[in-house]
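Beneath this line is the structure, given in structure tokens, with notes to follow.
There are 2 protein chains.
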Amino acid sequence: MERRLPPVVARLWGREIPSRRGPRPGLELDTVVGAAVRLADRDGLEGVTMSSLASELGVATMSLYRYVGSKEELLVVMADAATPEPPPINGRAWRPYLTGWTRANRDFLLQRPWLLTLGQHAPPLGPRTLRWLDRALAALESTGLSHAEGINITTTLTGYASRQAALTHAMTATTGTVSEEVGGLVEYGEILGAVLDPAEFPALDDAVRANAFGAAEVWIDDADFTFGISLLLDGIEALIARKADDRPTPIVANP
Amino acid sequence: MERRLPPVVARLWGREIPSRRGPRPGLELDTVVGAAVRLADRDGLEGVTMSSLASELGVATMSLYRYVGSKEELLVVMADAATPEPPPINGRAWRPYLTGWTRANRDFLLQRPWLLTLGQHAPPLGPRTLRWLDRALAALESTGLSHAEGINITTTLTGYASRQAALTHAMTATTGTVSEEVGGLVEYGEILGAVLDPAEFPALDDAVRANAFGAAEVWIDDADFTFGISLLLDGIEALIARKADDRPTPIVANP
DNA sequence: CTGTATTGCATACAGTGTACGCGATACAGA
DNA sequence: TCTGTATCGCGTACACTGTATGCAATACAG
């Protein structure tokens with residue numbers, strides 16, 4: 001029944017057929033990926049090179065291709081490996097759990113900003129990423145929402161988390177050339193003020209003058225994040241209430 | 001008063017000091033960027049090479065560096081140039097306007113998926129990108145929300161748009177090696193079903209069995225998008241109502 | 001013991017971004 | 001009008017990227 005999996009997926013799930021003949025592999029996929037992650041943490045994504053990774057591991061560059069089909073594949077596997085475990089539910093209700101879930105999502109993206117770049121390349125396929133998805137769906141199970149709705153909600157929340165992380169990262173980055181140029185030496189709001197024509201950008205100009213883009217610390221501040229997440233969850237809560245009204249006799253009773 | 005701007009910003013706003021001496025420039029920045037965008041549309045982002053761009057323009061590779069400080073800078077300018085104008089407000093209320101705004105945001109990301117990769121590199125700095133921000137803030141002006149809240153809402157909406165676009169793109173891409181491998185030959189849900197251990201991913205497994213990831217068409221379907229955006233706007237609407245209650249005598253009356 | 005699959009790796013190559021420097025150009029000031 | 005100089009396009013060069021290929025060493029299957 002088990003259809004032949006794409007190589008990346010097999011690699012992600014450790015489903016490679018073990019080799020029986022020939023010399024024993026001197027490395028393991030996990031070792032390679034772990035070193036790559038360490039490298040990305042230290043030097044950023046562009047510091048991860050097949051040769052830099054090889055020398056980190058003390059092997060020749062081409063040896064890596066015995067463990068990974070291509071660099072792109074390595075990146076996909078890295079992305080999953082670098083994703084932490086989702087927070088445990090511990091009996092929490094969907095709303096507090098998803099709040100923490102989204103916050104944790106943002107947090108690990110801020111800790112490993114290179115994941116932001118990698119996230120765009122492929123849909124969630126690895127065990128870690130899918131575990132996040134599973135936990136969110138599990139938390140929503142008692143709400144009576146459909147599977148499709150649950151998936152959509154999850155998408156929305158991760159979207160919020162990564163957008164927030166990307167923005168925060170862009171504003172506070174001390175490395176990375178363009179961001180550094182902008183976020184480091186000159187304040188963001190200051191640049192906007194210098195460049196905007198108030199007649200053409202009236203609303204934005206108002207915000208700038210009101211110092212809404214003020215200090216960089218605002219962006220790391222948690223109040224902003226909490227505000228946005230409440231917004232989202234309010235919408236979800238309203239939906240749940242609406243659906244409960246529409247179906248006065250649900251097939252599965254809500255506890 | 002006008003402080004010295006970072007080079008990228010100057011380039012984005014056409015604020016370069018025009019040269020008076022020496023041979024006339026044979027190209028203009030807009031021409032270069034336009035060609036680069038055309039190239040990205042045709043061959044994707046990795047088809048944009050300093051040499052490919054040069055030969056597209058009929059000049060030598062190194063000539064480009066008279067117009068652009070580095071390739072990264074080129075990409076930033078491209079991202080802004082490739083962003084279309086935001087939809088006009090035309091007297092619409094904030095809710096219908098922001099709905100269309102977000103949808104239009106997703107749409108142009110789907111038309112130029114390479115913008116998804118580029119969006120992460122720098123905060124909005126160019127005229128086009130900032131115009132989107134300005135229009136959204138303008139639409140929210142009559143709601144009595146603070147500037148900070150408006151910005152946060154905008155962030156949330158663009159986050160939703162880009163996440164949705166990224167996912168849709170990943171599922172339906174016919175190019176790009178990993179996505180192709182996954183989205184093209186084998187269905188996403190099928191892969192999940194083959195790989196998931198139901199005991200470890202109970203909720204997700206339920207969703208897969210219910211065919212919630214079913215046909216790829218679902219992902220382009222607009223119903224999903226509309227669902228999510230309603231969620232967000234419901235939350236915002238609730239916030240507006242709440243704030244209106246807190247201040248029974250608002251300075252500006254809501255029409 | 002032999003055959004073979006599989007290992008690590010050296011070599012090679014096409015392609016990348018860009019530093020540097022040159023002759024040609026066209027204006028500023030004499 | 002002449003000269004100096006800032007700026008142009010661009011040829012050359014270089015460090016570095018990902019990876020195709022092939023080969024000797026290895027260790028199990030028969």
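Quick note, the sequences are listed as chains E and H, same order.
Note that the working numbering numbers the first sequence so that position 7 is 7, with each residue one more than the last.
Note that the working numbering numbers the second sequence so that position 182 is 182, with each residue one more than the last.
Glycine is no exception: its CB is placed at the ideal position from the N, C-alpha and C atoms.
Just so it is clear, the structure is predicted and the values come from calculations on it, not from any experiment.
Alpha helix (DSSP H) containing Met50 (chain H): first to last residue? Met50 to Leu57
Which residues, in chain order, does the segment 148-160 of chain H contribute to contact with chain E at a C-beta distance below 8 Å? Ala148, Glu149, Gly150, Ile151, Asn152, Ile153, Thr155, Thr156, Thr158, Gly159 and Tyr160
Answer yes or no: do Leu196 (chain H) and Asp206 (chain H) have a C-beta to C-beta separation smaller than 8 Å? no
heavy atom of the ligand SAH below 7 Å from Phe213 (chain H) C-beta: Among the components of this structure there are no ligands whatsoever, and the ligand SAH is therefore not found.
Would you mind telling me which residues of chain H sit closer than 7 Å to Ala212 (chain E), beta carbon to beta carbon, in chain order? His147, Ala148 and Ile151
Whose Cβ in chain H lies nearer than 7 Å to the Cβ of Met257 (chain E)? This structure cannot speak to residue 257 (chain E), because chain E is shown only from 1 to 255.
Specify the secondary structure class of Ala36 (chain H) as computed by DSSP and reduced to three states. helix
Where Asn90 (chain H) sits in the DSSP three-state scheme: coil
Please confirm if the segment 132-151 of chain H is in contact with the segment 137-151 of chain E, defined as three or more CB-CB distances below 8 Å between the two stretches. no
Quick one, are the C-beta atoms of Leu194 (chain H) and Leu5 (chain E) less than 8 Å apart? The residue you asked about is not Leu; residue 194 (chain H) is Ala in the sequence shown. Yes. Within cutoff.
Which residues in the same chain have their Cβ closer than 8 Å to the Cβ of Arg3 (chain H), if we skip the five residues on either side of it in sequence? Confidence is the limiting factor: at Arg3 (chain H) the pLDDT is only 47, short of 50, which leaves the residue's position unreliable and the question unanswerable from this model.
Going along chain E, which residues have a C-beta under 8 Å from Glu16 (chain H)? What Glu16 (chain H) touches in chain E: nothing, since even the nearest Cβ is about 13 Å away.
For Ile17 (chain E) and Arg131 (chain H), I'd like the C-alpha separation in whole angstroms. 54 Å
Kindly list the residues whose CB is nearer than 8 Å to the CB of Thr156 (chain E), restricted to its own chain and excluding five residues on each side of it in sequence; keep chain order. Leu232
Going along chain E in order, which residues have a C-beta closer than 8 Å to the C-beta of Gln164 (chain H)? Thr155 and Gly159
Could you give the distance in angstroms between the alpha-carbon of Thr102 (chain H) and the alpha-carbon of Ala139 (chain H)? 13 Å
Helix, strand or coil for Leu109 (chain H)? Go by DSSP, reduced to three states. helix
With 16 other CB atoms within 10 Å as the buried threshold, where does Glu73 (chain E) fall? buried
Judging by CA-CA distance, which residue of H:Asn105, H:Asp30, H:Lys71 and H:Val48 is the nearest neighbour of Pro87 (chain H)? H:Asn105
CB-CB under 7 Å to Asn211 (chain H), same chain, minus the five flanking residues each way: which ones, in chain order? Gly189
Out of E:Asp245, E:Ser70, E:Pro7 and E:Gly14, which has the shortest C-alpha to C-alpha gap to Pro127 (chain E)? E:Gly14
Does any C-beta atom of chain E lie closer than 8 Å to the C-beta of Leu45 (chain H)? no
Along chain E, which residues have their Cβ under 8 Å away from the Cβ of Phe108 (chain H)? Those do not exist, as Phe108 (chain H) stays about 16 Å from chain E at its closest Cβ, beyond 8 Å.
Which residues in chain H sit within 7 Å of Gly91 (chain E), going by Cβ to Cβ distance? By Cβ distance, chain H contributes nothing, its closest Cβ being about 15 Å from Gly91 (chain E), past 7 Å.
Does DSSP put Arg24 (chain E) in a helix, in a strand, or in coil? coil
May I ask you to report which of helix, strand or coil DSSP gives Pro127 (chain E)? helix
Given a cut-off of 8 Å on the beta-carbon distance, is the pair Ile229 (chain H) and Thr143 (chain H) in contact? no
Partner residues on chain H for Tyr97 (chain E), Cβ-Cβ distance less than 7 Å: None at all; the shortest Cβ gap to chain H is about 12 Å.
Look at Ala79 (chain E) and Gly119 (chain E) and say whether their C-beta atoms are less than 8 Å apart. yes
Taking the beta carbon of Met62 (chain H) as the centre, do at least 16 other beta carbons fall within 10 Å, making it buried, or is it exposed? exposed
Strictly below 9 Å CB to CB, what residues from chain H border Met171 (chain E)? Pro123
Chain E beta carbons: is any one of them nearer than 8 Å to that of Tyr188 (chain H)? yes
Leaving out five residues before and five after Thr117 (chain H) in sequence, what residues of the same chain have Cβ atoms less than 8 Å from its Cβ? Leu45
Thr168 (chain E), buried or exposed, once every other Cβ within 10 Å from all chains shown has been counted against 16: buried
Starting from Arg15 (chain E), follow the alpha helix (DSSP H) in both directions and report where the run begins and ends. No alpha helix (DSSP H) contains Arg15 (chain E), which DSSP labels as neither H nor E.
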